[in-house]
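My numbering applies: residue 10 is where the sequence shown begins, and numbers increase by one. Note that CB positions come from ideal geometry on N, CA and C, so glycine has one too.
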Amino acid sequence: MAPPFRWIDTNDHGQLEWICGYIARRSTKGTLPVSWSHILSTRNNQAVAERLMELPNEIENRETSRLMKGAWQTHQYRRQNGKQVSFQLPIVTLKQLDALSKRTGYSKVQTLSQLISNAVEDQRKDAAKLKRERESFNDSLKKYQVTAQQAEQVYCDAVDGLLSVLAEEIDHRCRYEERFGELDSLSLDSGSIDEYDKLVKKRVEKIEPILEKLKMRRADIGQTMRKRMEEKIRVHEREDYVDESAGER
């Protein structure tokens, strides 16, 4: 059987420093052999290792060496692979993990670690995707709000323009009726209809640009102003025809 503490590598300064720390922790708990008093008083890491390796091959020393070596190996494993933990899983989950690890060819620990890493990566991707979708939605919402505000402004401008034209037309009619009487009883003769048609088209051409703004807003405004006035002209033409027919009889 190999003497105790021969596993120590005197060239590994990290190991020597850890051994001194281990001895210091154990000594405060009173779990080291009393015969180690000369080792505990040593301040140099190299000297501590040499004195440990000089200890006689006795049961107490071999057991302390075994415990120290096991603690060192655990320290090395945790440093390379992370802190070791234990937890309980339902039997069904354990069976599923076992089956999955067999299919992948990895150990259960490696399989579980990969599953967690994949879940974290999926969550990161989902969060990034959600962020992009939220930013896209906010951009679309801002564009919609700007478009809605512009459309509302166009509508308001169109209504304001129509009200101005209507006020102008009412003003013209009232001034005309104040001087010549009401228009309802007046009819047009055949010689006046052409001039009337020209005046109507002139007035319609003034209003149509304003009405086009309402069409841009997709408002249901019915017949165009031009069609409405064309119907008025046909009414006057029919009235004139009726008057001429009555005069001939």
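7 Å Cβ shell around residue i - same chain, five flanking residues per side excluded
| i | result |
| --- | --- |
| Leu61 | Phe14, Ile17 and Ile48 |
Backbone CA spacing between residue i and residue j [nearest angstrom]
| i | j | result |
| --- | --- | --- |
| Arg71 | Ala108 | 42 Å |
| Val56 | Thr83 | Reading the sequence as shown, one finds Ala at residue 56 and not Val. The alpha-carbon atoms of Ala56 and Thr83 are separated by roughly 24 Å. |
| Lys210 | Lys151 | 42 Å |
| Ser149 | Val118 | 46 Å |
| Lys138 | Leu124 | 21 Å |
| Thr102 | Val129 | 19 Å |
| Ala228 | Tyr164 | At Ala228 the pLDDT is 48, less than 50, meaning the model places this residue with poor confidence; the figure from the coordinates comes in the next sentence. The alpha-carbon atoms of Ala228 and Tyr164 are separated by roughly 9 Å. |
| Lys140 | Asp131 | 14 Å |
| Gln97 | Arg52 | 44 Å |
| Arg34 | Gln105 | 42 Å |
| Glu178 | Val168 | 15 Å |
| Glu59 | Lys78 | 16 Å |
| Ala160 | Arg133 | 40 Å |
| Trp27 | Arg143 | 52 Å |
| Asp135 | Gln162 | 40 Å |
| Asp166 | Asn147 | 28 Å |
Distance between beta carbons of residue j and residue i, contact taken as under 8 Å
| i | j | result |
| --- | --- | --- |
| Tyr115 | Ala80 | Between Ala80 and Tyr115 the Cβ distance is about 28 Å, and since that is not below 8 Å, they are no contact. |
| Leu25 | Asn54 | 4 Å |
| Gly170 | Ile219 | 4 Å |
| Val174 | Lys215 | 7 Å |
Close-in-space but distant-in-sequence residues of the same chain around residue i (CB under 6 Å, 5 per side omitted)
| i | result |
| --- | --- |
| Cys29 | Asn54 and Val57 |
Other residues of its chain near residue i: CB distance less than 8 Å, five sequence neighbours each side excluded
| i | result |
| --- | --- |
| Lys236 | none |
(Q) Could you tell me which whole alpha helix (DSSP H) segments of length 4 or greater appear in the region 88-163? (A) Listed in chain order, the complete alpha helix (DSSP H) runs (minimum 4 residues) inside the region 88-163 are 100-113.
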